[in-house]
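K.L.:
Supplied in structure tokens, the structure appears directly below.
Residue numbers (this note's numbering): 64 to 203.
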């Protein structure tokens, strides 16, 4: 009976907390910090903050309206402008960390549609950086 109650509590907490998490808990805050540079910088429209999240050699890819898009980091950063801050909400949906590698699923709620990002991160020289981002657009 105690085991059933414990399992129920654990599953309830995970549902309430929102983020599914697997892996090395000691690195969770550091990975979230890197991802939040990207998410918060996007809301502010600040390419300098967004850049803090990414490795300089990062690639960004996705399919929009049937077209495969591939961007170098500098081109991607050009999409952000402090004059046009984002009008969206973001959230980290899932995270998996093992040793020096991590993957994160993040979502941008844009109202009638959303972006779903799958981010690959590596820890290099003590810092977590996004090295690859793939995305898709979902109409609600």
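All C-beta atoms in this analysis are idealised placements derived from N, C-alpha and C, irrespective of residue type, glycine included.
(1) Do you know how far the Cα of residue 184 is from the Cα of residue 66?
(2) If you draw a straight line from the alpha carbon of residue 178 to that of residue 199, how long is it in whole angstroms?
(3) Name the DSSP beta bridge partners of residue 200, please?
(4) Using three-state DSSP, classify residue 148 as helix, strand or coil.
(5) Given that a residue counts as buried once 16 or more other Cβ atoms are within 10 Å of its Cβ, and exposed if not, what is residue 192?
(6) Does the separation of the CB atoms of residue 136 and residue 116 fall below 8 angstroms?
(7) Give the range of the alpha helix (DSSP H) segment to which residue 137 is assigned.
(8) Quick check: residue 146 and residue 108, are their CB atoms within less than 8 angstroms of each other?
(9) Give me whichever residues DSSP pairs with residue 118 in a beta bridge.
P.N.:
Once the coordinates are examined:
(1) Model confidence at residue 66 stands at a pLDDT of 42, short of 50, so the residue's coordinates are unreliable; what they give is reported in the following sentence. If I take the Cα positions, the gap works out to 36 angstroms.
(2) Distance between the alpha carbons of residue 178 and residue 199 is about 6 angstroms.
(3) 178
(4) coil
(5) The residue in question, residue 192, is buried, as its Cβ has 16 or more Cβ neighbours within 10 Å.
(6) no
(7) 136-140
(8) yes
(9) In DSSP, residue 118 forms no bridge with anything.
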